[in-house]
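Student:
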Amino acid sequence: GFYIPSRATDYKLIGTFLEHAPKGEPFFITPSEELLKQLVFSPEKVSHNAWLIYFNYIMLAQVSTEQQDYGKLEAARFRQNMRIALNDSRIFLEPRQVNVQVLALLAVHGEDYASPNLSWMLVGHACRQVEALGLHVPMQSDLESYQRSLSMFWLLFVLDKSCDLAFGRSPFLPMNHYRDVPLPDFSHLLKFQPHLDSEFSSVPPSARPSKFGAHFFIKGIELAKTMGLVVDMLAPGSSTTSRDTIRLQLENWSHQTKEILDETIEAERRLLEPAQLKEMSLGLNSLRFQYLHIMIILLKGDKSSNNHRLECAREALFILPSIVSNWSSVYNGVVWYLLYYPFIPFFVVFENVVHTSTSQTSATIDQDIGLLATTVSYFSSMGGQMQLLAVLCTRLENVAFLFLELARRHIRQRHATVNNTLDTSWPPKSTHADKNLEAVESTEGSFFGLSQGTLDEITLDDGLDIENFLNWLPADVFASGPPLGLEERRDPESASETPESLFTADLQGRKRPFDATFDWFSWDTYYASMLPSQ
Numbered sequence: 001g002f003y004i005p006s007r008a009t010d011y012k013l014i015g016t017f018l019e020h021a022p023k024g025e026p027f028f029i030t031p032s033e034e035l036l037k038q039l040v041f042s043p044e045k046v047s048h049n050a051w052l053i054y055f056n057y058i059m060l061a062q063v064s065t066e067q068q069d070y071g072k073l074e075a076a077r078f079r080q081n082m083r084i085a086l087n088d089s090r091i092f093l094e095p096r097q098v099n100v101q102v103l104a105l106l107a108v109h110g111e112d113y114a115s116p117n118l119s120w121m122l123v124g125h126a127c128r129q130v131e132a133l134g135l136h137v138p139m140q141s142d143l144e145s146y147q148r149s150l151s152m153f154w155l156l157f158v159l160d161k162s163c164d165l166a167f168g169r170s171p172f173l174p175m176n177h178y179r180d181v182p183l184p185d186f187s188h189l190l191k192f193q194p195h196l197d198s199e200f201s202s203v204p205p206s207a208r209p210s211k212f213g214a215h216f217f218i219k220g221i222e223l224a225k226t227m228g229l230v231v232d233m234l235a236p237g238s239s240t241t242s243r244d245t246i247r248l249q250l251e252n253w254s255h256q257t258k259e260i261l262d263e264t265i266e267a268e269r270r271l272l273e274p275a276q277l278k279e280m281s282l283g284l285n286s287l288r289f290q291y292l293h294i295m296i297i298l299l300k301g302d303k304s305s306n307n308h309r310l311e312c313a314r315e316a317l318f319i320l321p322s323i324v325s326n327w328s329s330v331y332n333g334v335v336w337y338l339l340y341y342p343f344i345p346f347f348v349v350f351e352n353v354v355h356t357s358t359s360q361t362s363a364t365i366d367q368d369i370g371l372l373a374t375t376v377s378y379f380s381s382m383g384g385q386m387q388l389l390a391v392l393c394t395r396l397e398n399v400a401f402l403f404l405e406l407a408r409r410h411i412r413q414r415h416a417t418v419n420n421t422l423d424t425s426w427p428p429k430s431t432h433a434d435k436n437l438e439a440v441e442s443t444e445g446s447f448f449g450l451s452q453g454t455l456d457e458i459t460l461d462d463g464l465d466i467e468n469f470l471n472w473l474p475a476d477v478f479a480s481g482p483p484l485g486l487e488e489r490r491d492p493e494s495a496s497e498t499p500e501s502l503f504t505a506d507l508q509g510r511k512r513p514f515d516a517t518f519d520w521f522s523w524d525t526y527y528a529s530m531l532p533s534q
C-alpha cells in the first residue's frame with residue numbers, strides 16, 4: 001500500500017512541496033491546500049491518482065541525489081507511492097489537465113522513465129489528451145487558466161517535435177494544424193524561473209523577476225517549429241522548405257538566442273548566486289547542444305556541407321562537460337536525450353578519424369581523439385549524477401570507449417604503414433585523450449580486453465553484440481573508408497562480399513525512417529533488457 005509518514009513529517013513534506021512546486025510554473029497546476037493534506041494523510045482517498053504521482057515526484061526529485069541512507073530510504077518510499085498510483089489506466093485514457101502535466105513531467109524528467117520507448121509513449125498519450133481537451137482554445141472566463149493551458153500546449157508541442165525528429169514518426173500535434181496558435185503572454189512566462197529555486201540559492205529570490213526562463217522557453221518553441229521543417233524535409237515526398245533555407249533559419253535562431261540569453265544573464269548577474277548562474281549556463285549550453293544536434297541531422301548527405309557538419313559535431317562533443325546534470329535541473333531538457341544524443345556527433349567525429357586521417361595533421365587527429373575521449377568522460381560523470389541509471393551510463397560509456405579504442409588502433413596502424421614501423425606511441429601519450437582516459441580509468445579500471453587484432457579480439461564486459469549494435473547506427477557510418485576488422489565478424493559464406501554491401505543489405509528493410517537517425521528503439525530494447533529491475 002501507500003507509504004504514509006508520521007504526522008510530524010507530513011507537515012514538513014507539505015512545506016517542502018510548496019517550496020519547490022513553483023519550479024513547474026507556468027505550466028503545472030499546484031494542488032489546493034485541502035488536496036495536499038489528502039495526498040499526504042489519506043492517499044487512498046484521492047480521486048485522481050495523477051495528483052499522487054505529481055506530489056511524490058516533486059518530493060522524489062528533492063531526495064534522489066542524497067547519499068545518506070535516510071535520503072535513499074525516503075526516495076524508495078516516494079518511488080513506491082508513484083508506482084502504485086501510476087498503475088491506473090485512467091491516467092493514460094481520460095483527458096484531464098492533471099494527467100497531461102504528469103505524463104509530460106515523467107516523459108521529460110522521470111529518471112525511472114528515461115528511455116526512448118517510454119518517453120515517446122508518455123508524450124503520445126499526453127498529446128492526445130491535449131487535443132481532446134483543446135488546451136490551445138481561448139477561455140474567456142479565466143485568463144490565468146488559459147495562459148497556463150496555452151503554456152502546457154506549447155510544452156507538449158516542443159516535446160512532440162523532438163520525438164518526431166528522434167524517431168522519424170508522424171507528429172501528434174501537426175504544425176500545419178496549430179500554426180496560428182498564439183504564444184503565452186511573456187508576463188505569464190515570467191513565472192518560469194527554476195534557476196531561482198531554493199535548491200540553487202541560500203537567500204529568498206529578488207522581487208524583480210528574472211526574464212531568463214521566459215526567453216529560454218520561447219526560444220525552445222521557435223526551435224521546435226524549425227525541427228518540424230527538418231522532419232518535413234527528411235520525410236519521403238516533396239518538402240516546401242529547402243535545406244539551405246532551414247539551415248539559414250537555424251543559424252539566425254542560434255545567433256539571436258545566444259544574444260538574448262547572454263544579455264539576460266549579464267543584466268541579472270549581480271543579483272544571482274554562482275549556483276543560479278551555473279543553472280542558466282546549463283540552459284544556454286543545452287539549447288546550443290540541441291541546435292548542433294539538429295544541424296548535424298539536417299546536413300547529413302549534403303557533401304558541400306561536410307566540413308560544417310563535422311565542426312558542429314566537434315563543438316557538440318566539446319560542450320558535453322557543460323551539460324552534465326541530473327533531474328534536479330530543469331534547463332537540461334529530456335533526460336534520455338542527455339544519455340543517447342551524444343552518440344550522434346560522436347560517430348561523425350569517429351567516421352572522420354577512420355576515413356580521412358591520412359589527409360589530416362597530427363594536431364587535428366589529436367583533437368578529434370580527445371573529443372571522443374571527452375564523450376567517455378561525460379558518461380562517467382553522468383553515471384555519478386543519475387544514480388538510478390548508473391548501470392546504463394556505464395554501458396554507454398563502454399560503447400564510447402570501444403569505438404575510441406578502434407579509432408586509436410586505426411591511427412596507430414595508419415601511422416605504422418606510413419613509417420613502415422609500428423609506433424605504439426601514436427597518438428602521442430600527452431594528448432587530451434589520454435588525460436581523459438586516465439581520469440576515467442583511475443576510478444573505473446579497465447573496461448575491455450583490447451588488442452591490436454581484429455574486432456573479434458575486442459570484447460565488452462557487458463557482452464554487447466557488436467553486430468547488432470552496428471545495425472543501430474546511421475546507415476553509412478561504415479559504408480566507406482578503411483577496414484576495421486568488421487568484415488571478419490561475418491559468416492564465412494559472405495566473406496567475398498564487401499563490408500559496404502553487407503551493411504547496406506543489413507539495413508534494408510529495417511524500420512529506419514531517416515538515414516540520419518539512430519535506431520533508438522533498438523538501443524532502448526537492448527539496454528532495458530540488461531538493466532536490473534528497480
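Each step along the sequence shown adds one to the number in the UniProt record's numbering, with nothing skipped, and position 478 is 478. Heads up, the beta-carbon is just placed ideally off N, CA and C, and yes, glycines get one too.
Quick check: the segment 134-142 against the segment 184-203, are at least 3 beta-carbon pairs closer than 8 Å?
Tutor: no
Student: Tell me which residues share the same chain as residue 260 and place their Cβ nearer than 6 Å to its Cβ, disregarding the 5 neighbours each side in the sequence.
Tutor: One-based indexing of the sequence shown puts residue 260 at position 260. Excluding positions up to five away in sequence, the list reads 215.
Student: Are there three or more Cβ pairs, one per stretch, closer than 8 Å when the segment 375-387 is compared with the segment 318-335?
Tutor: yes
Student: Tell me whether residue 73 is buried or exposed, calling it buried when 16 or more other Cβ atoms sit within 10 Å of its Cβ.
Tutor: Sequence index remark: in the sequence shown, residue 73 carries index 73 (1-based). Flag for residue 73 reads exposed.
Student: Are there 16 or more other CB atoms within 10 angstroms of the CB of residue 332, so buried, or fewer, so exposed?
Tutor: As a working mapping, residue 332 is identified with position 332 in the sequence shown. Its Cβ being crowded by 16 or more others within 10 Å, residue 332 is buried.
Student: Find the nearest neighbour of residue 414 within the set 361, 380, 370, 396, judged by alpha-carbon distance.
Tutor: Indexing the sequence shown from 1 puts residue 414 at position 414. It is 361.
Student: Quick one: what's got a C-beta closer than 7 Å to residue 39's C-beta in the same chain, skipping five residues either side?
Tutor: The residue labelled residue 39 in the question sits at position 39 within the sequence shown. Only 31, 46, 51, 52, 55 meet the Cβ criterion.
Student: Taking just the CA atoms, how far does residue 222 sit from residue 547?
Tutor: Given that the chain is displayed from residue 1 to residue 534, the structure contains no residue 547 and the question cannot be resolved.
Student: Within 10 angstroms of the Cβ of residue 442, are there 16 or more other Cβ atoms? Answer buried if so, exposed if not.
Tutor: The residue labelled residue 442 in the question sits at position 442 within the sequence shown. Unreliable positioning characterises residue 442 in this predicted model, as indicated by a pLDDT of 43, which lies under 50. A coordinate reading is not provided.
Student: Measuring only the C-alpha atoms, how far is residue 520 from residue 337?
Tutor: As a position in the sequence shown, residue 520 is number 520, starting the count at 1. As a position in the sequence shown, residue 337 is number 337, starting the count at 1. Their Cα atoms are separated by approximately 10 Å.
Student: Compare the Cα-Cα distances from residue 171 to each of 133, 197, 228, 201 and report the closest residue.
Tutor: Within the sequence shown, the letter at position 171 stands for residue 171. Of the candidates 133, 197, 228, 201, the one whose C-alpha sits nearest the C-alpha of residue 171 is 228.
Student: In whole angstroms, what separates the C-alpha of residue 122 from that of residue 174?
Tutor: Indexing the sequence shown from 1 puts residue 122 at position 122. Indexing the sequence shown from 1 puts residue 174 at position 174. As the crow flies, the alpha-carbon of residue 122 is around 17 Å from that of residue 174.
Student: If you draw a straight line from the C-alpha of residue 3 to the C-alpha of residue 391, how long is it?
Tutor: In the sequence shown, counting from the first residue as 1, residue 3 sits at position 3. In the sequence shown, counting from the first residue as 1, residue 391 sits at position 391. Cα to Cα, residue 3 sits roughly 27 Å from residue 391.
Student: Taking its Cβ as the centre, do 16 or more other Cβ atoms sit within 10 Å of residue 15, making it buried, or is it exposed?
Tutor: Counting from 1 along the sequence shown, the entry for residue 15 is found at position 15. With fewer than 16 other Cβ atoms within 10 Å, it is exposed.
Student: Judging by CA-CA distance, which residue of 367, 522, 58, 393 is the nearest neighbour of residue 376?
Tutor: On the sequence shown, residue 376 is found 376 positions in, with the first residue counted as 1. Considering only alpha carbons, the answer is 393.
Student: Give a yes or no on whether the C-beta atoms belonging to residue 118 and residue 154 are separated by under 9 Å.
Tutor: Looking up residue 118 in the sequence shown gives position 118. Looking up residue 154 in the sequence shown gives position 154. Against a cut-off of 9 Å, the Cβ pair of residue 154 and residue 118 comes out as no contact.
Student: Taking the alpha helix (DSSP H) that residue 241 belongs to, which residues open and close that run?
Tutor: The residue you call residue 241 lines up with position 241 of the sequence shown. Boundaries for residue 241: no alpha helix (DSSP H) harbours it, and the DSSP string shows neither H nor E there.
Student: Among the candidates 93, 409, 271, whose CA atom is the shortest distance from the CA of residue 365?
Tutor: On the sequence shown, position 365 is the one that residue 365 refers to. When each option's Cα is compared against that of residue 365, the closest is 409.
Student: Would residue 199 and residue 62 be called neighbours here (beta carbons separated by less than 9 Å)?
Tutor: Counted from its first residue, the sequence shown places residue 199 at position 199. Counted from its first residue, the sequence shown places residue 62 at position 62. Against a cut-off of 9 Å, the Cβ pair of residue 62 and residue 199 comes out as a contact.
Student: According to the neighbour-count rule (16 or more other Cβ atoms, all chains shown, within 10 Å of its Cβ), is residue 25 buried or exposed?
Tutor: Numbered from its first residue, the sequence shown carries residue 25 at position 25. Counting Cβ neighbours within 10 Å, residue 25 comes out buried, since at least 16 surround it.
Student: Helix, strand or coil for residue 535, going by three-state DSSP, please let me know.
Tutor: Examination of residue 535 is not possible in this model, given that the chain is present from 1 through 534 alone.
Student: Along the chain, where does the alpha helix (DSSP H) containing residue 615 start, and where does it finish?
Tutor: Past the edges of the chain, shown from 1 to 534, lies residue 615, and the structure says nothing about it.
Student: Only counting the same chain, and skipping five residues up and downstream in sequence, which positions put a Cβ closer than 8 Å to that of residue 241?
Tutor: Walking along the sequence shown from the start, residue 241 turns up at place 241. Only 229, 232, 233 meet the Cβ criterion.
Student: How far does the alpha helix (DSSP H) with residue 187 in it extend, from its first residue to its last?
Tutor: Along the sequence shown, one-based indexing puts residue 187 at 187. In the DSSP annotation of this structure, the continuous segment of the alpha helix (DSSP H) that includes residue 187 starts and ends at 186-189.
Student: Expressed to the nearest angstrom, what Euclidean distance is found between the alpha-carbon atoms of residue 213 and residue 287?
Tutor: Against the sequence shown, residue 213 aligns to sequence position 213. Against the sequence shown, residue 287 aligns to sequence position 287. Going by the C-alpha atoms only, they are around 12 Å apart.
Student: The alpha helix (DSSP H) with residue 226 in it runs from where to where?
Tutor: Within the sequence shown, residue 226 is the residue found at index 226, counting from 1. Residue 226 -> alpha helix (DSSP H) spans 212-234.
Student: Of the choices 406, 112, 218, 296, whose alpha-carbon is the least far from that of residue 309?
Tutor: By 1-based counting over the sequence shown, the position of residue 309 is 309. The residue with the shortest Cα to Cα distance from residue 309 is 296.
Student: Helix, strand or coil: which one does DSSP assign to residue 410?
Tutor: Taking the sequence shown and counting its residues from 1, one reaches residue 410 at position 410. Residue 410: helix per DSSP, three-state reduction.
Student: Let's test the definition: count the other Cβ atoms within 10 Å of the Cβ of residue 180 and tell me whether it reaches 16, buried, or not, exposed.
Tutor: As a working mapping, residue 180 is identified with position 180 in the sequence shown. Per the 10 Å Cβ criterion, exposed.
Student: Mind checking residue 99: buried by the 16 CB within 10 Å criterion, or exposed?
Tutor: Position 99 of the sequence shown, counted from the start, is the residue given in the question as residue 99. Flag for residue 99 reads buried.
Student: Roughly how far, in whole angstroms, is the beta-carbon of residue 210 from the beta-carbon of residue 273, given that I think they are within contact range, below 8 Å?
Tutor: Here the question's residue 210 lines up with position 210 in the sequence shown. Here the question's residue 273 lines up with position 273 in the sequence shown. With a Cβ gap of about 12 Å, residue 210 and residue 273 do not count as contacting.
Student: By Cβ distance, which residues of its chain are closer than 6 Å to residue 106, with the 5 residues on each side in sequence left out?
Tutor: For the purposes of this step, residue 106 is identified with residue 106 of the sequence shown, where counting begins at 1. Same-chain partners within the cutoff: 113, 122.
Student: Specify the secondary structure class of residue 95 as computed by DSSP and reduced to three states.
Tutor: Working through the sequence shown from its first residue, we reach residue 95 at position 95. Coil, per DSSP.
Student: Round the Cβ separation of residue 265 and residue 277 to the nearest angstrom and send it over; I've been treating them as touching at under 8 Å.
Tutor: Locating residue 265 in the sequence shown gives position 265, where the first residue counts as 1. Locating residue 277 in the sequence shown gives position 277, where the first residue counts as 1. Contact holds; Cβ gap of about 7 Å.
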